[in-house]
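Since the structure comes first, as structure tokens, the remarks are kept for the end.
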Amino acid sequence: VLKSSKSTSRFSLLMLDLGEFYFEHHSAFYTSKEDGRKVKGSFKICSKSLVFEPESIKEPIVKFSIKDCTKIEEIGFVNTLNPFDEPKGSGCGLVCKQVLEIKKGNEIAPYTSSRRGSQEYEFYFEHGDPEDILHTIHQLHRASQLEKLGDQAAMITAILQSRLARASFNKTRLDFADETACVERAAEMVTALVTNPGHVCVTEYHLFFQPLNSFPDPVLKIKLKEIRRIFKRRHGLRPVGLEVFCTEKDFCSDIYLKFYHSKDRDEVYFYIASQLDNHIVEHTAESFMMQWQRGLISNYDYLLHLNNLADRSCNDLSQYPVFPWVLSDYSSQELDLNNPEFYRDLSKPIGALNPERLERLLERFRDMPMEPKFLYGSHYSSPGYVLFYLVRVAPEHMLCLQNG
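Quick note on numbering: the sequence shown equals residues 1 to 404 in full-length UniProt numbering.
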């Protein structure tokens, strides 16, 4: 199953678009145009959107697509206690074509558009320099207006890398006076459908991850002596992933990290591995098969071990654990497990078991006009299939996959 966040905030990274990053937040308020109420909350700047999370759970979270913003400007605010004060820049005025409302009434439901047509919002910041905030938003707006998606992604990546380069791990987070940072690298914490950039720091005692946005917590800390298993992973078909487990049998890890370079991943891996005293010696597929044949491990555990060796993880929906379909008879009242006819032909993939269906697929394959041709139009481990079965336990993940 998918691990849920411990954060008490209603905001979630799953509210962002796929591949979007959450950069920073500021305490702010806006005045409701309906009844003049002052709505306080958190103004969040993301790579493709602006999100305002009100303090009151009765108010919906509002999301503005930066691409749909037609006007972004600094606004003045007069201190009502002294009407003779000159206006000073302390806010951000937005005009957006569409505003999405999320968790209206604090219910997990499809996102709704508040009203059609351009809508105006004025946000006033309680802290922070409005000029710097507006500079960041304008920079992201320029990226959103580029014609090619590749150019947009490249500019956002450059902005992210610049932020990571300017920041570093906060050494005051270390627990002991004699604790030193041995390895520090930029990385992203991976969870299902989302990643969160930050800094990894490994000391003699701990593995730390400090998110760039301090969300959901300012720092995640794992004691090295509690780590039982550590694996190198492929993420996005690149050898840049690292998954850490503090338990022996739980298939959901304590942290999954994605580095920007494989050499950074390898350096962190070898340092942590050299410090482990209580780690479990990993087995090969053959040794797991021997344990399974002798009845030392269950079918379930055996298949989980094989998934683990194949780089599959609950944190990566494109490589989610799979369990093979092995039976062919689903109509008999009793199953004779000693009868070979009750099992499917494991020499063929699922899509080739039905001869008529296979012939139709081959005919379609031969008639395809353009390269690259493909036989099957989908894959059994795609995020869509996984979340179809997990929609009741992970509804927000499904909303994220379907863009709300």
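Just so it is clear, CB atoms sit at the ideal spot from N, CA and C, and this is done for glycine as well.
- When rounded, the separation of the alpha-carbon atoms in Leu327 and Ile255 is 35 Å.
- Residue state for Phe374 is assigned as coil, using DSSP reduced to three classes.
- Counting C-beta pairs closer than 8 Å gives three or more between the stretch 283 to 293 and the stretch 304 to 317, which meets the contact rule.
- Leu18 and Asp175 have their C-alpha atoms roughly 35 Å apart.
- When C-alpha distances from Ser214 are compared across Ala143, Glu204, Phe169, Leu257, the shortest belongs to Phe169.
- At a Cβ-Cβ threshold of 8 Å, His397 and Leu193 count as neighbours.
- Looking at the backbone, the Cα of Leu353 and that of Gly241 are separated by about 35 Å.
- Every unbroken stretch of the alpha helix (DSSP H) spanning 4 or more residues and falling wholly within the stretch 91 to 171 is given here in chain order: 130 to 144, 149 to 166.
- Of the residues assessed, Cys314 falls on the buried side of the cut-off, its CB having 16 or more other CB atoms within 10 angstroms.
- Its chain contains Phe64 as the residues whose beta carbon lies nearer than 6 Å to that of Leu50, once the 5 sequence neighbours on both sides are disregarded; these appear in chain order.
- Under the Cβ criterion (8 Å, minimum of three pairs), the stretch 229 to 237 does not count as touching the stretch 196 to 206.
- Taken in chain order, the whole beta strand (DSSP E) runs of length 3 or more contained in the UniProt domain "BEACH-type PH" (176 to 273) are 183 to 191, 194 to 202, 206 to 211, 220 to 223, 229 to 235, 238 to 245, 255 to 259.
- His26 is bridged by DSSP to Phe43.
- With fewer than 16 other Cβ atoms inside 10 Å of its own Cβ, Ile57 counts as exposed.
- For Val386, the enclosing alpha helix (DSSP H) has its first and last residue at 383 to 390.
- A check of alpha carbon separations from Val99 across Cys46, Phe251, Asp68, Tyr320 identifies Asp68 as the nearest.
- Here Cys69 carries a strand assignment [DSSP, helix/strand/coil].
- Looking at the DSSP output, Thr31 bridges to Lys38.
- Residue nearest to Leu399 within the set Met189, Asp250, Met15 is Met15 (criterion: CA-CA distance).
- With respect to the 8 Å criterion, Gly351 and Leu362 are not classified as neighbours on the basis of their beta carbons.
- The C-alpha of Glu188 lies about 25 Å from the C-alpha of His305.
- For Ser287, the enclosing alpha helix (DSSP H) stretches over residues 285 to 293.
- Counting along the chain, the unbroken beta strand (DSSP E) around Leu50 starts and ends at 49 to 54.
- It is roughly 45 Å from the alpha-carbon of Ala177 to the alpha-carbon of Ile108.
- Setting aside the 5 residues that flank it on each side, Ser27 is surrounded in the same chain by Glu126, His127, each with a C-beta closer than 6 Å to its C-beta; the list follows chain order.
- Within the DSSP secondary-structure output, Lys348 pairs in no beta bridge.
- For Asp367, the enclosing alpha helix (DSSP H) starts and ends at 355 to 367.
- Each of Pro216, Gln293, Val244, Asp316 was checked against the Cα of Thr8, and the nearest Cα belongs to Pro216.
- Excluding the 5 residues flanking it on each side, Ser113 has same chain C-beta neighbours closer than 8 Å at Gln98, Val99, Leu100, Glu101, in chain order.
- Boundaries cannot be given for Met15, as no alpha helix (DSSP H) includes it and DSSP labels it neither H nor E.
- In the structure shown, Tyr343 adopts extended strand secondary structure according to DSSP, grouped into three states.
- Contact between Leu257 and Val190 holds, with the beta-carbon distance rounding to 7 Å and staying under 8 Å.
- Of the residues assessed, Thr70 falls on the exposed side of the cut-off, its CB having fewer than 16 other CB atoms within 10 angstroms.
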